[in-house]
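Just add 35 to wherever you are in the sequence shown, counting from 1, and you've got the working numbering. C-beta: ideal position from N, C-alpha, C; glycine also. Owing to the predicted nature of the structure, the values given are computational and were not obtained by experimental measurement. Data block below; observations after.
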Amino acid sequence: MDAAERHVRVRIDLAYDGGGFHGFAAQAEDVRTVEGVLAAAVATLAGGPVELAVAGRTDKGVHARHQVVHADVPADCRLVGDVERARGALDGMCGPEIAVWRVRVVDEGFHARFSATERRYRYRLCDAVALDPLERHATWHVGPPRLDEAAMEAGGAHLLGEHDFASFCRRAGEQHLTRRIDELRVRRQPHGIVEVSLAGPAFCHQMVRSIVGCLLRVGRGHRDPDWAAEVLAARDRQAVGQVAPPRGLVLTGVRYG
36 MDAAERHVRV RIDLAYDGGG FHGFAAQAED VRTVEGVLAA AVATLAGGPV
86 ELAVAGRTDK GVHARHQVVH ADVPADCRLV GDVERARGAL DGMCGPEIAV
136 WRVRVVDEGF HARFSATERR YRYRLCDAVA LDPLERHATW HVGPPRLDEA
186 AMEAGGAHLL GEHDFASFCR RAGEQHLTRR IDELRVRRQP HGIVEVSLAG
236 PAFCHQMVRS IVGCLLRVGR GHRDPDWAAE VLAARDRQAV GQVAPPRGLV
286 LTGVRYG
């Protein structure tokens with residue numbers, strides 16, 4: 036098999052501002068998605084259409100500081116060889132809302148989704164009277180009164196470990212909703228920012244945003260921290276109440292091996 040027929044697997048590490056996209060995944064209707072923009076740019080350098088695999092499909096309005104995709108491309112295409120030049124070209128074609136951090140050839144056994152061992156998310160809320168305008172695209176401004184971040188973290192402690200997260204997830208068909216959370220921390224930052232950080236092997240649809248919505252009620256003092264355990268045990272989507280909006284959520288990292 037010559038180089039024109041042989042394919043290699045390319046890994047692309049990227050970030051994006053999700054505010055102008057209808058999520059990562061390409062959709063049947065004519066809407067703008069991260070996958071649509073990225074796939075078109077990759078196809079230009081690959082010499083034809085490509086299929087992308089992604090570490091985590093983010094929803095409409097959700098951001099990523101470190102997302103990972105892979106694609107199988109011809110070994111003699113412009114994405115292979117001078118990968119730094121390819122990175123620059125790809126970054127330029129994707130526009131200012133997408134940043135391509137790195138392009139590299141990887142072993143064919145690597146899979147952006149199935150090889151991932153950990154995904155990390157961050158959600159930012161602001162309980163100050165006003166939100167810094169430079170933070171508005173990636174922060175949910177909930178306003179005063181001041182949140183009790185210690186109570187929020189105590190509530191989140193009930194969610195650590197492996198559980199059926201049916202109360203916190205939007206189910207697709209017969210999808211099982213058992214997931215594991217390895218880390219859940221709530222920390223106060225300057226200027227009224229409260230940051231919720233989570234890590235685990237995988238998360239289901241709207242899971243992080245539902246957890247934040249639950250912990251917000253705890254932080255407001257409307258519920259005590261043990262209420263989070265009651266919501267978890269209910270396995271009822273209605274039990275969680277408000278789901279936090281997408282703009283405060285960022286996929287901050289994906290770990291492999």
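Legend entry - PHE56 Cβ short of 7 Å to the ligand MG heavy atom set: For the structure depicted, the ligand MG is absent and the ligand set is empty, with no information on it obtainable.
Inset, instruction - Would you kindly work out how many angstroms separate the C-alpha atoms of THR174 and PHE203, rounded to a whole number? - result: Within the sequence shown, the letter at position 139 stands for residue 174. Within the sequence shown, the letter at position 168 stands for residue 203. Looking at the two C-alpha atoms, the distance is approximately 21 Å.
Inset, instruction - Decide yes or no for the touch test of the region 266–281 against the region 84–92: beta carbon pairs closer than 8 Å, at least 3 of them. - result: The way I'd put it, the region 266–281 doesn't touch the region 84–92; fewer than three beta-carbon pairs between them come closer than 8 Å.
Legend entry - Cα-Cα separation between VAL289 and GLY248, rounded to whole angstroms: For the purposes of this step, residue 289 is taken as residue 254 along the sequence shown, with counting starting at 1. For the purposes of this step, residue 248 is taken as residue 213 along the sequence shown, with counting starting at 1. Using only the alpha carbons, I get a separation of about 24 Å.
Inset, instruction - Output the boundary residues of the alpha helix (DSSP H) element that contains VAL177. - result: Walking along the sequence shown from the start, residue 177 turns up at place 142. Run containing VAL177: none; DSSP gives neither H nor E here.
Legend entry - Identified DSSP bridge partners for SER232: The count along the sequence shown starts at 1 and reaches residue 232 at position 197. Looking at the DSSP output, SER232 shares a beta bridge with ARG157 and ARG220.
Inset, instruction - May I have the straight-line CA-CA distance separating GLU143 from GLU170, to the nearest angstrom? - result: Here residue 143 is taken as the residue at index 108 of the sequence shown, counted from 1. Here residue 170 is taken as the residue at index 135 of the sequence shown, counted from 1. Roughly 39 Å separates the two Cα atoms.
Legend entry - C-alpha distance - THR213 paired with VAL72, whole-angstrom precision: For the purposes of this step, residue 213 is identified with residue 178 of the sequence shown, where counting begins at 1. For the purposes of this step, residue 72 is identified with residue 37 of the sequence shown, where counting begins at 1. If I take the Cα positions, the gap works out to 32 Å.
Legend entry - ALA99 beta carbon less than 8 Å from that of ALA50: Walking along the sequence shown from the start, residue 50 turns up at place 15. Walking along the sequence shown from the start, residue 99 turns up at place 64. Yes, these two residues count as a Cβ contact at 8 Å.
Inset, instruction - From the DSSP output, in three-state form, read off ARG148 for me. - result: Indexing the sequence shown from 1 puts residue 148 at position 113. Residue state, collapsed to three classes: coil.
Legend entry - Three-pair Cβ contact test at 8 Å for the region 256–264 versus the region 189–208: Counting Cβ pairs under 8 Å, three or more are found: they touch.
Legend entry - Pair within 8 Å by beta-carbon distance, VAL221 and GLU197: Locating residue 221 in the sequence shown gives position 186, where the first residue counts as 1. Locating residue 197 in the sequence shown gives position 162, where the first residue counts as 1. In this structure, GLU197 does not lie closer than 8 Å to VAL221 by Cβ.
Inset, instruction - Just mark GLN62 as buried or exposed, buried being the case when its beta carbon has 16 or more other beta carbons within 10 Å. - result: Residue mapping note: residue 62 aligns to position 27 of the sequence shown, counting from 1. Exposed is the call here.
Legend entry - Cα-Cα separation, PRO109 to ARG46: The residue you call residue 109 lines up with position 74 of the sequence shown. The residue you call residue 46 lines up with position 11 of the sequence shown. The C-alpha of ARG46 is placed about 14 Å away from the C-alpha of PRO109.
Legend entry - THR287, DSSP secondary structure in three states: Stepping through the sequence shown from its first residue, residue 287 is reached at position 252. In the structure shown, THR287 sits in a strand (DSSP, three-state: E or B).
Inset, instruction - Report buried or exposed for PRO281, applying the criterion of at least 16 other Cβ atoms within 10 angstroms of its Cβ. - result: Residue numbering aside, residue 281 sits at position 246 when the sequence shown is read from its first letter. When all chains shown are included, PRO281 counts as buried.
Inset, instruction - Determine the contact status of LEU182 and ARG252, defining contact as a CB-CB distance below 8 Å. - result: Locating residue 182 in the sequence shown gives position 147, where the first residue counts as 1. Locating residue 252 in the sequence shown gives position 217, where the first residue counts as 1. Not in contact: LEU182 and ARG252 (Cβ atoms no closer than 8 Å).
Inset, instruction - Kindly indicate which residue of VAL104, LEU80 and GLU40 has the alpha-carbon position closest to the one of PHE59. - result: The residue you call residue 59 lines up with position 24 of the sequence shown. Closest option to PHE59, Cα to Cα, is VAL104.
Legend entry - Cβ-based neighbour list, VAL69, same chain, cut-off 6 Å, excluding 5 preceding and 5 following: Here residue 69 refers to the residue found at position 34 of the sequence shown. Around VAL69: TYR51, PHE56 and PHE59.
Legend entry - For LEU169, the first and last residue of its enclosing alpha helix (DSSP H): Start at 1 with the first residue of the sequence shown, and residue 169 comes out as number 134. Per DSSP, LEU169 belongs to no alpha helix (DSSP H) and is neither H nor E.
Inset, instruction - From the DSSP output, in three-state form, read off ASP107 for me. - result: The residue labelled residue 107 in the question sits at position 72 within the sequence shown. In this structure, ASP107 counts as strand in the three-state DSSP scheme.
Inset, instruction - Check the C-beta distance from GLN229 over to ASP162 and give it rounded, since I have them as a contact under 8 Å. - result: As a first step, residue 229 must be located in the sequence shown, where it is residue number 194. As a first step, residue 162 must be located in the sequence shown, where it is residue number 127. The amino acid at residue 229 is misidentified as Gln; the sequence shows Val. The Cβ separation is near 6 Å, so the contact holds.
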